[in-house]
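Presented below is the structure to which this report refers.
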Amino acid sequence: AAAGSGLGEAWLTGNLGMALIDQGQVDRGIGLLERALELCEVHAPTSAGIGHAMIAAAQLDAGRAEEALGAARRAAAFARTLGSPTDEAYAHALEGETLLVLGRNDEARTLLEGALASALDHGDTHAVHRARRALGRLHSTLGDHEGALVHLESALAAAVEDGLRSEATAARKAIAGVRERAGDFEAAYRALRDAVDPPPDTGSPSEERLHRSVEEYLARFGPRAALTLISASCKSVHDGVGDRWNPLEGFLTRRLDVRLSHGLCPTCFKAEIEAL
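Counting in this note's numbering, the sequence shown runs from 1 upward without gaps.
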């Protein structure tokens, strides 16, 4: 009973940690993940590798790459000891992504290509997505934007097919980054817009989620690009050849305090664009 109780506490603690991280309370969330790992090591030692991987992913997202590298390597060691090639592939994908963040590109490429091959062999979709996204980032860092898009668009197609919405969102955001670095701002905006536009069965995205996406877009592309691309979208909707007015664009206009002067028309933003 005690073991079962301890395992249950580990599960609840880990889930609470992930929830806090999702809400932006990263340090508290990682602290709870570390507590969950301690409980696993006592009550379910074979699950400890997963705990290390979760901590590594959270630390990497928080910009704590050196710590993430150690956690990813511990996760890989656990997986190797247990003889779990899928868990090992995911851990190596994390490790490779962390090495990439640290600027150790050659080591990152070796690990990521190996992780991708192993994940494809063993059917680990999460490891495939993580490795492909990181390889896309690597190619883009080296100036090979087309090579980056091969990996990222493959990751996106697989995520959509598998119904993995969070993976699809991450792939679209990565594609937006590559398109932006390649100078294709319109394609970058479309990719980022798609990342926050919900599937038909999920209803409208929350205001908080859209607000975060707006701030991300403005930080990445700047207000001039935002207004220019909104104007293009206005025209396509007005002419009946584009998609419906996207919620993200509405939030962008409000965030930039833009007033629509006479309906959906690119001239609505003429003065604002010229003023930037």
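C-beta atoms are modelled at their ideal positions from N, C-alpha and C, and glycine is treated no differently.
Note that this is a predicted model, so its numbers are computed, not measured.
Residue i: buried (16+ other C-beta within 10 angstroms of its C-beta) or exposed?
i    : result
Q59  : buried
L135 : buried
L94  : buried
V341 : Residue numbering for the chain in the displayed model covers 1 to 276; residue 341 lies beyond these limits and cannot be assessed.
I21  : buried
R133 : buried
G51  : buried
G96  : buried
E13  : The identity of residue 13 in the sequence shown is Thr, whereas the question assumes Glu. So T13 ends up on the buried side.
G203 : Its pLDDT being 46, under 50, G203 is placed unreliably by the model, and the measurement read from it follows with that caveat. Exposed.
G163 : exposed
R74  : buried
If you check the beta carbons only, do residue i and residue j fall under 7 Å apart?
i    : j    : result
G8   : L33  : no
A48  : A10  : no
A168 : A191 : no
R179 : A187 : yes
L149 : A171 : no
S154 : R181 : no
A71  : A56  : yes
T81  : D124 : no
A127 : L112 : no
G83  : L39  : no
H129 : A174 : no
V278 : A65  : Missing from the structure shown is residue 278; the chain here goes from 1 to 276 and no further.
CB of residue i to nearest heavy atom of the ligand ADP: below 6 Å?
i   : result
G14 : Of the ligands one can find in the structure shown there are none, so the ligand ADP has no counterpart to examine.
*asked:* Closer than 8 Å is the cut-off here; do at least three beta carbon pairs connect the segment 80 to 91 with the segment 101 to 109?
replied: no
*Using 8 Å as the Cβ pair cut-off and three pairs as the minimum, do the segment 137 to 148 and the segment 115 to 122 touch?*
no
_4 or more residues per run - each alpha helix (DSSP H) lying fully within the segment 33 to 94_ = 48 to 61 and 65 to 82
*Whole alpha helix (DSSP H) runs in the segment 120 to 163 with 4 or more residues, listed along the chain?*
125 to 141 and 145 to 162
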